[in-house]
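Going by this note's numbering, the residue at position 54 of the sequence shown is 56; the numbering climbs one at a time, nothing skipped. Note that beta-carbon positions come from the ideal geometry of N, C-alpha and C, so glycine has one too. Only a predicted model underlies this, so the values are computations on that prediction, with no experimental measurement involved.
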Amino acid sequence: MGFVHPLDAVLDSFGVARDKRGNVQATPDCEVSNGYQTSVPKVFAAGDMRSGQSLVIRAVADGRRCARAVDKFLMGNSLLPA
């Protein structure tokens with residue numbers, strides 16, 4: 003069946019907002035100060051959890067961009083590739 007949407011119990015325990023398809027709502031841009039953040043401060047989401055089922059390579063790329071956003075959030079800037 004593959005990945006359909008994140009587990010409700012996990013999202014409910016964090017209180018994370020979801021879109022109409024059941025995926026996590028998160029800001030999409032890693033270049034802004036709040037990129038990849040969910041509705042809960044300091045909780046980030048990327049890949050299939052944010053965009054829904056897709057190709058693995060897209061999820062990996064999204065995860066790398068999210069890592070850059072988290073690095074910027076924690077350190078104020080990032081040396082990770084964009």
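Asked: DSSP three-state call for Met3: helix, strand or coil?; Found: Note that Met3 has pLDDT 39, beneath the 50 cutoff, so the model's placement of it is unreliable and the number below is only indicative. Reduced to three states, the DSSP call for Met3 is coil.
Asked: Quick one: using the 10 Å Cβ neighbour count with 16 as the cut-off for buried, is Met77 buried or exposed?; Found: exposed
Asked: In chain order, what residues of the same chain lie with their CB nearer than 8 Å to the CB of Val45, ignoring the 5 residues before and after it?; Found: Phe16, Val18 and Gln39
Asked: Would you kindly check if the distance between the Cβ of Ala69 and the Cβ of Leu82 is under 8 Å?; Found: yes
Asked: Please determine, among Val26, Lys22, Asp31 and Gly54, the residue with the shortest C-alpha to C-alpha distance to Lys74.; Found: Asp31
Asked: Compute the distance between the beta-carbons of Gly54 and Arg20, then report whether it is under 8 Å.; Found: no
Asked: Do you know offhand how far Ala48's Cα is from Ala11's?; Found: 18 Å
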